[in-house]
Amino acid sequence: MSLVQRLEVRQGQALVMTPQLLQAIKLLQLSQLDLAAYVEAELERNPLLERAEATEAPAPVESAAAGDHPDEAGSDGFEAPEPESWLSTDLNPSRGEIEGDFDTRLDNVFPDEAPVQAREAGGGDMLSLTPPPYGSTGGSFDAEAPDFEATLTAETSLRDHLASQLELATRVPMERLIGGFLIDAVDEAGYLRETVEGVAERLGADPAIVARMLTLVQSFDPPGVAARDLAECLAIQLRERDRFDPAMEALVSRLDLVAKRDFAALRRLCGVDDEDLVDMLGEIRRLDPKPGRAYGSSAVEVLVPDVYVRAAPDGSWLIELNSEALPRVLVNQSYYARVSRNASADGDKAFLSEALQNANWLTRSLEQRARTILKVATEIVRQQDGFFVHGVTHLRPLNLKTVAEAIGMHESTVSRVTSNKAIGTSRGTLEMKYFFTAAIPGAAGAAAHSSEAVRHRIKQLVDGEAPDDVLSDDALVQKLRGEGVDIARRTVAKYRESLRIPSSIERRREHFAHGSGHQSAMALR
Numbered sequence: 001m002s003l004v005q006r007l008e009v010r011q012g013q014a015l016v017m018t019p020q021l022l023q024a025i026k027l028l029q030l031s032q033l034d035l036a037a038y039v040e041a042e043l044e045r046n047p048l049l050e051r052a053e054a055t056e057a058p059a060p061v062e063s064a065a066a067g068d069h070p071d072e073a074g075s076d077g078f079e080a081p082e083p084e085s086w087l088s089t090d091l092n093p094s095r096g097e098i099e100g101d102f103d104t105r106l107d108n109v110f111p112d113e114a115p116v117q118a119r120e121a122g123g124g125d126m127l128s129l130t131p132p133p134y135g136s137t138g139g140s141f142d143a144e145a146p147d148f149e150a151t152l153t154a155e156t157s158l159r160d161h162l163a164s165q166l167e168l169a170t171r172v173p174m175e176r177l178i179g180g181f182l183i184d185a186v187d188e189a190g191y192l193r194e195t196v197e198g199v200a201e202r203l204g205a206d207p208a209i210v211a212r213m214l215t216l217v218q219s220f221d222p223p224g225v226a227a228r229d230l231a232e233c234l235a236i237q238l239r240e241r242d243r244f245d246p247a248m249e250a251l252v253s254r255l256d257l258v259a260k261r262d263f264a265a266l267r268r269l270c271g272v273d274d275e276d277l278v279d280m281l282g283e284i285r286r287l288d289p290k291p292g293r294a295y296g297s298s299a300v301e302v303l304v305p306d307v308y309v310r311a312a313p314d315g316s317w318l319i320e321l322n323s324e325a326l327p328r329v330l331v332n333q334s335y336y337a338r339v340s341r342n343a344s345a346d347g348d349k350a351f352l353s354e355a356l357q358n359a360n361w362l363t364r365s366l367e368q369r370a371r372t373i374l375k376v377a378t379e380i381v382r383q384q385d386g387f388f389v390h391g392v393t394h395l396r397p398l399n400l401k402t403v404a405e406a407i408g409m410h411e412s413t414v415s416r417v418t419s420n421k422a423i424g425t426s427r428g429t430l431e432m433k434y435f436f437t438a439a440i441p442g443a444a445g446a447a448a449h450s451s452e453a454v455r456h457r458i459k460q461l462v463d464g465e466a467p468d469d470v471l472s473d474d475a476l477v478q479k480l481r482g483e484g485v486d487i488a489r490r491t492v493a494k495y496r497e498s499l500r501i502p503s504s505i506e507r508r509r510e511h512f513a514h515g516s517g518h519q520s521a522m523a524l525r
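Numbering (full-length UniProt numbering), first residue to last: 1 to 525.
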């Protein structure tokens, strides 16, 4: 058999990941903040893109749900103006149907759309909503200038706060250098992440001087800063309050016993009675375990819903996209027409053609992203109708495959949609991933239970236990099986630990310590 080279023509099919498809997939899994940053970058890079004038915002779309809703599942009033047609959906669990015009294909083919000018009432050039710079009011005194006083305030970081105290504490250049290095090694929580020996070796300084400067930095405000561990942090704060006596020192040295709630061992170690131990533990709880969090901490990001769900008076669900979280951009076709007529160089024409193509793909990808999120959220509401009516105890087991098969999407697409997205309900704002829980089999062939609902039930049982009848993991298993939940003891222990619930022995010790301390206090009275 001889080896020869030859040319053959074969026909086949293959999935090609075009740049447009990659863009659509990327936008689908971005959070609101990441999407806003991405769109802002595209607005700066593409001259044909402009922010759409938000004259109308999407409104809630009425969706029929099975059953009437009690008062506890009532609406908190998610109000919105009139909707756009592509933001509407109709959910009817009784028929198991979802009505609405969705284009859910994430490929490189999009349906034809009307020109952008048709969406504008007056047509013609579009106006940018970018505010004018300060002082440029266009000759009018009606425009409100920015608040100048707001620019005078700035958040003080922990490093700046400590550095200002170091400048007043010493004038020796070497001590300032060592102190500044120690301050730089303090993390956001206020703990020193370097050892004295390591700092001395890196700076070539005497370890005794570094230790002395560490003591100086630890005397700065806030109390407990620059500590190397939790015990040292608490000890610094207790010295500041003049409460670091031998008994308290012994207590701080054995925080592991405090975590285990081994109060009998702590009483023997500290040489105190029940009442004194309760007072000492109460004083420990009043200390700040992270003294640096009040300075320069990262801003708390509020979870903003991507979708709102509320109950309607007729017993149906209203599902709407959060219009404030949707980037609204348009393609300035008029500007493209004017510029393209004057473009003579081939490079300019190629640039304008590419900019127009990218602008069109971005607007279509954003619209398709909103459609897909609304469709997935609608199916989640249909699957978890019991949760919205009765609460977490009626949360059903749900996985990505179930939702994907119901709405005709791929499982990976549903996973991208539910990542970094949230749903606003009358019970709070919850991540979409919250509604996807594992299934716990039911006892004697009963229906499966959601793992999140089982966790909630375990917490309810522990919260309702009597001090003289603390429920062990075996007792919790028996109670859950009596309620139709077939669960193993190790699963109960895992769920209890995830809820940060101590073991039955630790809870019994805590109940005994509180009871003994209360009795001792009553005896002193």
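All C-beta atoms in this analysis are idealised placements derived from N, C-alpha and C, irrespective of residue type, glycine included.
**Message:** Counting C-beta neighbours from all protein chains within 10 Å, is the total for R193 16 or more, i.e. buried, or is it exposed?
**Reply:** In the sequence shown, residue 193 corresponds to position 193, counting from 1. Burial call: exposed.
Start-to-end residues for the beta strand (DSSP E) that takes in T413 = In the sequence shown, counting from the first residue as 1, residue 413 sits at position 413. Note, T413: premise wrong, no beta strand (DSSP E); alpha helix (DSSP H) at E411 to T418.
| Is it a yes or a no for the region 377-386 touching the region 346-355, going by three-plus beta-carbon pairs under 8 Å? | no
Subject >> Proximity of V470 and R507 at Cβ, strictly below 7 Å >> reply: As a first step, residue 470 must be located in the sequence shown, where it is residue number 470. As a first step, residue 507 must be located in the sequence shown, where it is residue number 507. Their beta carbons are under 7 Å apart, which means V470 touches R507 by this criterion.
Between G180 and L158, which are expected to be in contact by the criterion C-beta below 8 Å, what is the C-beta distance as a whole number of angstroms?
Against the sequence shown, residue 180 aligns to sequence position 180. Against the sequence shown, residue 158 aligns to sequence position 158. Actually they are not in contact, since the Cβ atoms of G180 and L158 sit about 13 Å apart, beyond 8 Å.
Exercise. Rank H511, A404 and Q383 by C-alpha distance to the C-alpha of S450 and give the top, closest one.
Key: Here the question's residue 450 lines up with position 450 in the sequence shown. Looking at the Cα atoms, Q383 is the closest of the given residues.
### Query
CA-CA distance, R95 and K494?
Here residue 95 corresponds to residue number 95 of the sequence shown, with the count starting at 1. Here residue 494 corresponds to residue number 494 of the sequence shown, with the count starting at 1. Because R95 sits at a pLDDT of 41, beneath the cut-off of 50, its placement in the model cannot be relied upon, and the following sentence gives the value as read from the coordinates. Rounded to the nearest angstrom, the two C-alpha atoms are 39 Å apart.
| task | Please go through the same chain and pick out, in chain order, the residues whose beta-carbon is closer than 8 Å to the beta-carbon of L43, but skip the five residues on each side of it. | result | The sequence position of residue 43 within the sequence shown is 43, counting from 1. Excluding sequence neighbours, L43 sits near L49, E50, R51 and V329.
Would you kindly work out how many angstroms separate the C-alpha atoms of P327 and S334, rounded to a whole number?
Looking up residue 327 in the sequence shown gives position 327. Looking up residue 334 in the sequence shown gives position 334. Looking at the two C-alpha atoms, the distance is approximately 21 Å.
Can you give the Cα-Cα distance for T104 and L398, rounded to whole angstroms? Residue 104 sits at position 104 when you count from the first residue of the sequence shown. Residue 398 sits at position 398 when you count from the first residue of the sequence shown. In this prediction, T104 scores a pLDDT of 39, lower than 50, which makes its location untrustworthy; the coordinate-derived value is nonetheless stated afterwards. Each residue's Cα considered, the two are about 21 Å apart.
Item to complete: Decide yes or no for the touch test of the region 260-279 against the region 240-248: beta carbon pairs closer than 8 Å, at least 3 of them.
Response: yes
**Prompt:** Would you call the CB atoms of D486 and P441 closer than 7 Å?
**Reply:** Counted from its first residue, the sequence shown places residue 486 at position 486. Counted from its first residue, the sequence shown places residue 441 at position 441. In contact: D486 and P441 (Cβ atoms closer than 7 Å).
Fill in: Selected residue, minimal CA-CA separation from L182, among D262, M213, A36 and V477
For this step, residue 182 is matched to residue 182 along the sequence shown. Closest by alpha carbon: M213.
Is the region 205-223 touching the region 301-321, taking contact as three or more C-beta pairs under 8 Å? no
Backbone secondary structure at Y191 - three-state DSSP | Translated into positions along the sequence shown, residue 191 becomes position 191. DSSP places Y191 in strand when its eight states are reduced to three.
Could you give the first and the last residue of the continuous beta strand (DSSP E) run that contains Y308? For the purposes of this step, residue 308 is taken as the residue at position 308 of the sequence shown. Run containing Y308: V307 to A311, per the beta strand (DSSP E) assignment.
Name the two residues that bound the continuous beta strand (DSSP E) containing I487. Translated into positions along the sequence shown, residue 487 becomes position 487. Premise fails: I487 is in no beta strand (DSSP E) and is neither H nor E.
Quiz prompt | Spatial distance of L321 from N358 (CA atoms) | solution = Position 321 of the sequence shown, counted from the first residue, corresponds to residue 321. Position 358 of the sequence shown, counted from the first residue, corresponds to residue 358. Answer to the nearest angstrom: the Cα atoms are 25 Å apart.
Starting from A208, follow the alpha helix (DSSP H) in both directions and report where the run begins and ends. To locate residue 208, count along the sequence shown from 1; it is residue 208. A208 -> alpha helix (DSSP H) spans P207 to Q218.
**Asked** In three-state terms, what does DSSP make of residue 526?
**Response** Because the chain is modelled from 1 through 525, residue 526 falls outside the range shown and cannot be assessed.
**Prompt:** Under the DSSP definition of a beta bridge, which residues are partnered with E320?
**Reply:** Here residue 320 corresponds to residue number 320 of the sequence shown, with the count starting at 1. Paired residue(s): Y308.
If we ignore side chains and look at the alpha-carbon of each, how far apart do D274 and I284 end up? Residue 274 sits at position 274 when you count from the first residue of the sequence shown. Residue 284 sits at position 284 when you count from the first residue of the sequence shown. Approximately 15 Å, taken between the alpha carbons.
Q | Close-in-space but distant-in-sequence residues of the same chain around Q13 (CB under 7 Å, 5 per side omitted) | A | As a working mapping, residue 13 is identified with position 13 in the sequence shown. Excluding sequence neighbours, Q13 sits near nothing in its chain.
According to DSSP, simplified to helix, strand and coil, what is L287?
Within the sequence shown, numbered from 1, the residue matching residue 287 stands at position 287. Correct three-state label for L287: coil.
Item to check | Within 7 Å, strictly: CB atoms of R369 and L22 | outcome: The residue you call residue 369 lines up with position 369 of the sequence shown. The residue you call residue 22 lines up with position 22 of the sequence shown. No, these two residues do not count as a Cβ contact at 7 Å.
**Message:** I'd like the list of long-range same chain contacts for L177, defined as Cβ closer than 8 Å, with 5 residues on each side in sequence excluded.
**Reply:** Counted from its first residue, the sequence shown places residue 177 at position 177. Closer than 8 Å at Cβ, skipping near neighbours: L203.
Practice task
With hydrogens ignored, establish whether the beta-carbon of R382 is closer than 6 Å to any heavy atom of the ligand ZN.
Solution key: Judged by which ligands are present, the structure shown has none, so any question about the ligand ZN falls away.
| Can A226 and V186 be called in contact, C-beta distance under 7 Å? | Within the sequence shown, numbered from 1, the residue matching residue 226 stands at position 226. Within the sequence shown, numbered from 1, the residue matching residue 186 stands at position 186. Cβ distance < 7 Å, so A226 and V186 count as in contact.
Using 8 Å for Cβ pairs, my map puts L456 next to V389. What's the rounded Cβ distance?
Numbered from 1 along the sequence shown, position 456 holds the residue referred to as residue 456. Numbered from 1 along the sequence shown, position 389 holds the residue referred to as residue 389. Just to set this straight, residue 456 is His in the shown sequence, not Leu. Wrong, their Cβ atoms sit about 16 Å apart, outside the cutoff.
message: Tell me the residue span of the beta strand (DSSP E) that contains V329.
response: If you number the sequence shown from 1, residue 329 lands on position 329. Counting along the chain, the beta strand (DSSP E) containing V329 begins and ends at V329 to V331.
Query raised in the report: What does T429 pair with, by DSSP beta-bridge criteria?
Result: To locate residue 429, count along the sequence shown from 1; it is residue 429. In the DSSP output, where bridge partners are listed per residue, T429 has G424.
- Give me the Cα-Cα distance between D385 and L257, rounded to the nearest whole angstrom. Within the sequence shown, the letter at position 385 stands for residue 385. Within the sequence shown, the letter at position 257 stands for residue 257. Each residue's alpha carbon lies about 45 Å from the other.
Problem set entry | Delimiting residues of the beta strand (DSSP E) encompassing E50 | The residue given as residue 50 occupies position 50 in the sequence shown. L49 to R51 is the extent of the beta strand (DSSP E) around E50.
Which residues mark the beginning and the end of the alpha helix (DSSP H) in which I373 is found? Stepping through the sequence shown from its first residue, residue 373 is reached at position 373. From DSSP, the alpha helix (DSSP H) with I373 extends over D346 to Q383.
Q. Which residues bound the alpha helix (DSSP H) around R202?
A. Here residue 202 corresponds to residue number 202 of the sequence shown, with the count starting at 1. Element bounds for R202: V196 to L203.
Could you check if V61 is buried or exposed, using at least 16 other CB atoms within 10 Å of its CB as the buried criterion? The count along the sequence shown starts at 1 and reaches residue 61 at position 61. Note that V61 scores 41 on pLDDT, short of 50, meaning its location in the model is unreliable; the coordinates nonetheless yield the value given after this. Label assigned to V61: buried.
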